[in-house]
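Some notes on the structure that comes next.
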Amino acid sequence: AQKITQTQPGMFVQEKEAVTLDCTYDTSDPSYGLFWYKQPSSGEMIFLIYQGSYDQQNATEGRYSLNFQKARKSANLVISASQLGDSAMYFCAMRDSGGGADGLTFGKGTHLIIQP
Amino acid sequence: DVKVTQSSRYLVKRTGEKVFLECVQDMDHENMFWYRQDPGLGLRLIYFSYDVKMKEKGDIPEGYSVSREKKERFSLILESASTNQTSMYLCASRKNRDRIHEQYFGPGTRLTVT
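So the sequences go chain by chain: A and B. Sequential numbering from 1 applies to the first sequence in our numbering. Sequential numbering from 117 applies to the second sequence in our numbering.
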């Protein structure tokens, strides 16, 4: 069974600082994908970044990068130069190619608050 | 841009009522999903559909059913709503299984069952 763990229920960060949101995962499948989503107070889930298990390089999308450490089963999200608009819930998620449900398995989320 | 819409942002129903939550996507996506989101639990998959008329159980299908008569529309049905189904419901769609990194979510429906 796959499992996603986000150990930080909440974080306070000063504006313009870099932020690292932790995510560890557990799967026995060699082929899997890791995702990060942002959910602002409006409720909509916004896709941020994706990392495939066979990707050689860490994924980057603008200010977002994914620190993928396969041996540690870790997929931390790094936000550089944080902004007030980054305040939101952040979810790490995974999909593998195993049998059963084909949707994403989500972690419990981290509530990030950026302070001015 | 992909657009996934849900019929209601907020819904209040009484225990025992039959409830329909509608989801529509406008990008000809094959795969559609229903999740529920509860504080401290993250998102959990209820049902998904690979294509029209197809449906598969997710991790928590009990108390729910789904319908996919048209490609663009995926309905979640609560046959007899109960208070433990009070939650945020999120619909998502994806082009197909080869595009797993492109799953788009709707704005969510916050359902309260009294």
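For every residue, glycine included, the Cβ atom is placed at its ideal position computed from N, Cα and C. As the structure is a computational prediction, the values presented were derived from the model and not from experiment.
Which word fits residue i, buried or exposed, when buried means at least 16 other C-beta atoms lie within 10 angstroms of its C-beta?
i, result
"M170(B)", "exposed"
"R95(A)", "buried"
"Q56(A)", "exposed"
"N147(B)", "buried"
"D86(A)", "buried"
"L66(A)", "buried"
"S41(A)", "exposed"
"F136(B)", "exposed"
"S191(B)", "buried"
Give a yes or no on whether the minimum CB-CB distance between residue i and chain B is below 7 Å.
i, result
"M45(A)", "yes"
"K108(A)", "yes"
"G85(A)", "no"
"R95(A)", "yes"
"G103(A)", "yes"
"G33(A)", "yes"
Have a look at residue i and residue j and give me their C-alpha separation to the nearest angstrom.
i, j, result
"Q69(A)", "T24(A)", "9 Å"
"A75(A)", "H145(B)", "28 Å"
"M89(A)", "G222(B)", "16 Å"
"D112(A)", "S181(B)", "Note on residue identity: the sequence assigns Leu, not Asp, to residue 112(A). Going from the Cα of L112(A) to the Cα of S181(B) covers about 35 Å."
"Y220(B)", "R210(B)", "6 Å"
"A93(A)", "D154(B)", "15 Å"
"Q39(A)", "T27(A)", "25 Å"
"L161(A)", "W150(B)", "What is shown of chain A runs 1 to 116, which leaves residue 161(A) out entirely."
Please check if any C-beta of chain A sits within less than 7 Å of the C-beta of residue i.
i, result
"G179(B)", "no"
"F149(B)", "yes"
"I216(B)", "yes"
Minimum length 3: unbroken beta strand (DSSP E) runs contained in the segment 9 to 45 of chain A: Listed in chain order, the complete beta strand (DSSP E) runs (minimum 3 residues) inside the segment 9 to 45 of chain A are 10 to 14, 19 to 21, 24 to 26, 32 to 39.
Check whether the segment 191 to 201 of chain B and the segment 125 to 142 of chain B are in contact - that is, three or more C-beta pairs closer than 8 Å. yes
In chain order, which beta strand (DSSP E) runs of at least 3 residues are fully inside the segment 155 to 208 of chain B? With a minimum length of 3 residues, the continuous beta strand (DSSP E) runs that stay inside the segment 155 to 208 of chain B are 158 to 165, 181 to 186, 189 to 194.
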